[in-house]
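Q: What follows is a structure written as structure tokens; I'll ask about it next.
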Amino acid sequence: MDTVRLGIIGCGGMCGAHLSTLGGKSPHTSEALRPFAGKVEIRGLVDVNLAKAESHRQKYGGEYVTDDPEKIFKDPKIDAVLIATWHDTHAPFSLRAMECGKHVLIEKPMAMTEKECDDILAAVDRSGLTYMVAFRSRFAKGANAVKREFPKPDNIIAHARTPGIWSESSWAQDPIKGGGQILSQACHVVDLMFFLAGAEPESVYATGGVFHHSRPEVIDTINAAVRYKNGSVGAFLGGDGGTGGLLTGHPLGTGCPFFVMVVDKGRSAIALDHGHNCRFESSVPESVWKKPFDAGNFTVDLGEAAAGGVPDILPTFARVILNHETPPATAVDGARTTRFILRCFESARTGKIIKF
Ligand SMILES: NC(=O)c1ccc[n+]([C@@H]2O[C@H](COP(=O)([O-])OP(=O)(O)OC[C@H]3O[C@@H](n4cnc5c(N)ncnc54)[C@H](O)[C@@H]3O)[C@@H](O)[C@H]2O)c1
Numbered sequence: 002m003d004t005v006r007l008g009i010i011g012c013g014g015m016c017g018a019h020l021s022t023l024g025g026k027s028p029h030t031s032e033a034l035r036p037f038a039g040k041v042e043i044r045g046l047v048d049v050n051l052a053k054a055e056s057h058r059q060k061y062g063g064e065y066v067t068d069d070p071e072k073i074f075k076d077p078k079i080d081a082v083l084i085a086t087w088h089d090t091h092a093p094f095s096l097r098a099m100e101c102g103k104h105v106l107i108e109k110p111m112a113m114t115e116k117e118c119d120d121i122l123a124a125v126d127r128s129g130l131t132y133m134v135a136f137r138s139r140f141a142k143g144a145n146a147v148k149r150e151f152p153k154p155d156n157i158i159a160h161a162r163t164p165g166i167w168s169e170s171s172w173a174q175d176p177i178k179g180g181g182q183i184l185s186q187a188c189h190v191v192d193l194m195f196f197l198a199g200a201e202p203e204s205v206y207a208t209g210g211v212f213h214h215s216r217p218e219v220i221d222t223i224n225a226a227v228r229y230k231n232g233s234v235g236a237f238l239g240g241d242g243g244t245g246g247l248l249t250g251h252p253l254g255t256g257c258p259f260f261v262m263v264v265d266k267g268r269s270a271i272a273l274d275h276g277h278n279c280r281f282e283s284s285v286p287e288s289v290w291k292k293p294f295d296a297g298n299f300t301v302d303l304g305e306a307a308a309g310g311v312p313d314i315l316p317t318f319a320r321v322i323l324n325h326e327t328p329p330a331t332a333v334d335g336a337r338t339t340r341f342i343l344r345c346f347e348s349a350r351t352g353k354i355i356k357f
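Anchor point for the sequence shown: position 238 equals 239 in the working numbering, and the numbering is continuous, going up by one each time.
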């Protein structure tokens, strides 16, 4: 196998971001990955809105469009699928794709319930297929600089409050189709938090609730204390609520107020936005530890697209399949993130510490 023949399910904005890397021509894709971007071919595209599928076909190629995902699942000329639909379809489409022998690149969140997480983990084990979650922060330049310096920090503090309030009419705020901002978007920061922690969660205690929306079932505010199995501790603050420009624009010209800060024995670092940029600080003598650099403003040096890592995701998926590698973000990572968020909700609802 020297080419990955791809079926696309869900032809919206994020699908376009991935497909713009095809052919290895995107200047935002890391150089080493460009040959793999050249080894992806689109065969079929599905969308409930056929006009969107056709518009992507015209732009990025493909033999056919359809509104029936079964056509993609049963197509013997398709090796792998990219699923970039609304969240309630992620698990059922993933399971059906693996049942039909297709490798899967799934947009986040991988799943919406713990049962879906368990089913996907079992299907990945059973099938031996490649299953990769498109957690973009694992590809971001600042996040990787922090990870290299602090593989196992003592303390991990994550923030994913949005500048604005999510629209009630958005599909992602819908309890069935999306699950709200924390499950939909803060999941990037939760994944980044675990990536930088380098450890599994042991327990979480959260306070929170619904402060900015009308639906009581979609929690929009979480303040959580986290304990990790390796003895590290940390915090996660997620939700929407209008922090506006409080945390944007400084210190590294970041457009989004998300961050994960790690502290380790008098040394610290912060990965900003979705991990685009980073900054280091130290209170220990240089003889003990020397900062690799003060600040990495990759957004300015490379441009926001390259700094954020999205253009590396689809080429990495191709490389992982063709070279039989383990993906940078697996079903285990996808399941951990969904479980953590759901257990934050459970803790906020019950007032109890929840164990993993
Ligand atoms: N990594 C990131 O930074 C990032 C950013 C935005 C969105 N996303 C994720 O990408 C995914 C898609 O989001 P989007 O912003 O592109 O949304 P979108 O609404 O632009 O696109 C989703 C597409 O899926 C189609 N669709 C929905 N249900 C379908 C079904 N059952 N069968 C076939 N087609 C179906 C819709 O018609 C739509 O065209 C979501 O998982 C979202 O969380 C990731």
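Glycine included, every Cβ here is placed at the ideal spot set by N, Cα and C.
Quick one: any contact between the stretch 214 to 234 and the stretch 143 to 150, if contact means 3 or more CB pairs under 8 Å?
A: Because the criterion of three Cβ pairs below 8 Å is not met, the stretch 214 to 234 and the stretch 143 to 150 do not touch.
Q: On the premise that Met99 lies in contact with Leu130, defined as a C-beta separation below 8 Å, what is that separation, rounded to the nearest angstrom?
A: Mapped onto the sequence shown, residue 130 falls at position 129. Mapped onto the sequence shown, residue 99 falls at position 98. Between Met99 and Leu130 the Cβ distance is about 5 Å, and since that is below 8 Å, they are a contact.
Q: For Thr90, which of helix, strand or coil comes out of DSSP?
A: For the purposes of this step, residue 90 is taken as the residue at position 89 of the sequence shown. Thr90 falls in the helix class under three-state DSSP.
Q: Verify the contact flag: Cys101, CB atom, against every heavy atom of ligand 1, threshold strictly below 7 Å.
A: Sequence index remark: in the sequence shown, residue 101 carries index 100 (1-based). No, the Cβ of Cys101 stays beyond 7 Å of every heavy atom of ligand 1.
Q: By the three-class DSSP mapping on this structure, what secondary structure does Lys297 have?
A: Within the sequence shown, the letter at position 296 stands for residue 297. In the sequence on display, residue 297 carries Gly and not Lys. If DSSP states are grouped into helix, strand and coil, Gly297 belongs with the strands.
Q: Checking 8 Å against the spacing of the C-beta atoms, do Leu7 and Arg44 come in under that value?
A: Numbered from 1 along the sequence shown, position 6 holds the residue referred to as residue 7. Numbered from 1 along the sequence shown, position 43 holds the residue referred to as residue 44. Yes, these two residues count as a Cβ contact at 8 Å.
Q: State the DSSP-derived secondary structure class of Thr222, mapped to helix, strand or coil.
A: To locate residue 222, count along the sequence shown from 1; it is residue 221. Note: Thr222 maps to strand in three-state DSSP.
Q: Tell me the DSSP secondary structure of Gly179 in three-state form.
A: The residue you call residue 179 lines up with position 178 of the sequence shown. Of the three classes helix, strand and coil, the one that applies to Gly179 here is coil, per DSSP.
Q: Using the Cα positions of Lys401 and Leu253, report the straight-line distance between them to the nearest angstrom.
A: As shown, the chain starts at 2 and ends at 357. That puts residue 401 outside it, with no answer to give.
Q: Relative to ligand 1, is the shortest distance from any of its heavy atoms to the C-beta of Lys53 smaller than 7 Å?
A: Against the sequence shown, residue 53 aligns to sequence position 52. Yes; taking the cut-off as 7 Å, the Cβ of Lys53 has a heavy atom of ligand 1 nearer than that.
Q: Along the beta strand (DSSP E) that carries Met262, what are the first and last residues, could you check?
A: Translated into positions along the sequence shown, residue 262 becomes position 261. Note, Met262: beta strand (DSSP E), Phe260 to Asp265.
Q: Would you kindly check if the distance between the Cβ of Asp241 and the Cβ of Ile166 is under 8 Å?
A: Locating residue 166 in the sequence shown gives position 165, counting from the first residue. Locating residue 241 in the sequence shown gives position 240, counting from the first residue. It is a contact, given that the beta carbons lie within the stated cut-off.
Q: Contact check, Glu347 vs Ile355 under 8 Å by CB: the rounded distance?
A: For the purposes of this step, residue 347 is taken as the residue at position 346 of the sequence shown. For the purposes of this step, residue 355 is taken as the residue at position 354 of the sequence shown. About 6 Å; that satisfies the 8 Å criterion.
Q: From Gly235 to Ala81, what does the alpha carbon distance come to, in whole angstroms?
A: Here the question's residue 235 lines up with position 234 in the sequence shown. Here the question's residue 81 lines up with position 80 in the sequence shown. Taking the straight line from one Cα to the other gives about 37 Å.
Q: Less than 6 Å between C-beta atoms, sequence neighbours within five positions excluded: which residues of the same chain meet that for Phe196?
A: Position 195 of the sequence shown, counted from the first residue, corresponds to residue 196. Cβ within range, chain order: Arg139.
Q: Taking Cys1 and Leu46 to be in contact with their CB atoms under 8 Å, please state how far apart those CB atoms are, rounded to whole angstroms.
A: As shown, the chain starts at 2 and ends at 357. That puts residue 1 outside it, with no answer to give.
Q: Taking the Cβ atom as the reference point for each residue, do Ile121 and Ser233 lie within a distance shorter than 8 Å?
A: Numbered from 1 along the sequence shown, position 120 holds the residue referred to as residue 121. Numbered from 1 along the sequence shown, position 232 holds the residue referred to as residue 233. No; because the gap between Cβ atoms is not below 8 Å, this pair is not in contact.
Q: If I'm right that Leu315 touches Leu106 with Cβ under 8 Å, what's the distance once you round it to whole angstroms?
A: Against the sequence shown, residue 315 aligns to sequence position 314. Against the sequence shown, residue 106 aligns to sequence position 105. Correct: roughly 7 Å between the Cβ atoms.
Q: Quick one: what does DSSP say Phe237 is sitting in, helix, strand or coil?
A: Start at 1 with the first residue of the sequence shown, and residue 237 comes out as number 236. In this structure, Phe237 counts as strand in the three-state DSSP scheme.
Q: Closer than 7 Å: is that where the CB of Val190 sits relative to any heavy atom of ligand 1?
A: Residue numbering aside, residue 190 sits at position 189 when the sequence shown is read from its first letter. No, since every heavy atom of ligand 1 falls outside the 7 Å radius drawn around the Cβ of Val190.
Q: Please state whether DSSP places Thr195 in a helix, a strand or coil.
A: The sequence position of residue 195 within the sequence shown is 194, counting from 1. The sequence as given places Phe at residue 195; Thr does not occur at that position. Helix.
Q: Can you give, in chain order, each stretch of the alpha helix (DSSP H) that sits fully within the stretch 84 to 158 and has at least 4 residues?
A: With a minimum length of 4 residues, the continuous alpha helix (DSSP H) runs that stay inside the stretch 84 to 158 are 91 to 100, 115 to 128 and 142 to 150.
Q: Quick one: using the 10 Å Cβ neighbour count with 16 as the cut-off for buried, is Leu247 buried or exposed?
A: Translated into positions along the sequence shown, residue 247 becomes position 246. Looking at its Cβ environment, which holds fewer than 16 other Cβ atoms inside 10 Å, Leu247 is exposed.
Q: Candidates Ala124, Glu64 and Val147: which alpha carbon is nearest Ala336's?
A: Along the sequence shown, one-based indexing puts residue 336 at 335. The shortest C-alpha separation from Ala336 is found at Ala124.
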